[in-house]
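Read the structure below first, then the notes.
Residue numbers (the numbering used here): 1237 to 1711.
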């Protein structure tokens, strides 16, 4: 029995199948005598919201570690080593379908000569892709990240498989995050050589999207960035363990941090392709049905599943500490607010009584971000870089706008493979001062609570009884 398949090389972990090109060389021939291992895959379709969403069409390659559970006798050192480890399998397509075969650069992966059962553990993207996403984290802080650890053992009669990926780290820039998927399966040569081993992948991150609207007639809002405060941003993923469940390792105090996306231009050569300011006023996004994503070109946040209670704001017993910090959960929105009738700036405060940290942007008439700016020592002076070496002068048709962070406390109980969509209602409130502000937790302009709603979409739909409430009132 022979199966003929044309090779399609993936250009990377996130390269779509449509971008692959078939080789013109003689196609590979697969038959039982060759003994080559290959896979078929499945992955739930999702509502695509960012370039890094992993879909069946974009799964160009994945990494596989394999243990031969039929080959344990004669091992005396107590360590049960992988049959092969972190091997790359790439997409191959033909009229008969799609399979994944070992990378030509690494050589073939063959079934063992005995009849043992092989245990496969697969993940994507590769370690190199995940490592490249950590560009915002400098050495030596990155030491120990993304370390594959084998804790499998054998007494020569039986084996226990323990295998994990230590210190998976989430990029603090939402635009640089990745969708982490995994699968595990068992296979035997006699039954899997012709059709391939089936791998059913699952999403292991939680995906978070923020949307916004407001029906109030008093204020006009403009939004230019988002921050998710204190989700889990680092963790160990367990593929197999004799005493623990698979998935993210449970820790009493997980590593948390901020992930954010500040609106930006797409590229210096394409300023018109940048993010556009999101407006809420009497004509734009003024009903719940008109709410849209405020995540900008960065797309949804990808974070490690998180359980965290909401930030208490002024009720935090440590609120007066200097410096102040919190490990509780919140969203912060980078925004500016004007009085609708007079056009007077409400927030950020015109006279800056608290010394808040703000952001400045050059924006064109269409609301498109032209440049993120940094203020100089002289009033009205702006620069393109933090070193204040490249001056910026606004041209005709541009306006320099200032934005400040406004916070909404929120509980989080986020599961792997679910997408949580929060809708912020700015009809009656603006928010609280961000935990990083000099006056953390103080209501902005003394306004009422902001309402919010949440729904789960895409991967698996989260329901309101999944320990989260989609409707949020902005304070």
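Using N, Cα and C, we set each Cβ at its ideal position, and we do this for glycine too.
{"query": "Span separating the alpha-carbon of residue 1421 from that of residue 1302", "result": "10 Å"}
{"query": "Nearest-angstrom Cα separation, counted from residue 1593 out to residue 1679", "result": "16 Å"}
{"query": "Residue environment, residue 1659, which counts as buried when at least 16 other CB atoms sit within 10 Å", "result": "buried"}
{"query": "Counted within 10 angstroms of its Cβ, other Cβ atoms place residue 1703 as buried (16 or more) or exposed", "result": "exposed"}
{"query": "Length-filtered (3 minimum) beta strand (DSSP E) runs lying within the segment 1303-1374", "result": "1320-1330, 1333-1338, 1354-1360"}
{"query": "Nearest neighbour of residue 1576, chosen from 1518, 1596, 1419 [CA to CA]", "result": "1518"}
{"query": "Three-state class that DSSP yields for residue 1528 in the structure shown", "result": "strand"}
{"query": "Three CB pairs or more closer than 8 Å across the segment 1645-1660 and the segment 1528-1541", "result": "yes"}
{"query": "Segment contact, 8 Å Cβ cut-off, at least three pairs: the segment 1452-1469 with the segment 1593-1607", "result": "yes"}
{"query": "Runs of alpha helix (DSSP H) wholly within the segment 1534-1582 (minimum 4 residues, chain order)", "result": "none"}
{"query": "Cβ neighbour criterion (16 or more within 10 Å) applied to residue 1445", "result": "buried"}
{"query": "Nearest neighbour of residue 1706, chosen from 1366, 1681, 1644 [CA to CA]", "result": "1644"}
{"query": "Counterpart residues of residue 1590 in DSSP-defined beta bridges", "result": "Looking at the DSSP assignment, residue 1590 forms no beta bridge with any residue, so it has no partner."}
{"query": "Residue 1601 versus residue 1612: straight-line alpha-carbon distance, rounded", "result": "24 Å"}
{"query": "Outcome for residue 1335 when other beta-carbon atoms lying within 10 angstroms are tallied against a minimum of 16", "result": "buried"}
{"query": "Residue interval of the alpha helix (DSSP H) (run including residue 1425)", "result": "1425-1428"}
{"query": "Contiguous beta strand (DSSP E) assignments of at least 3 residues, all confined to the segment 1584-1641", "result": "1594-1600, 1605-1611"}
{"query": "Cβ pair residue 1277, residue 1401 closer than 8 Å", "result": "no"}
{"query": "CA nearest to the CA of residue 1320, picked from 1314, 1447, 1293, 1358", "result": "1358"}
{"query": "Euclidean distance between Cα positions of residue 1661 and residue 1450", "result": "5 Å"}
{"query": "Backbone secondary structure at residue 1680 - three-state DSSP", "result": "helix"}
{"query": "Backbone secondary structure at residue 1465 - three-state DSSP", "result": "strand"}
{"query": "Local Cβ density within 10 Å of residue 1426, reported as buried at 16 or more and exposed below that", "result": "exposed"}
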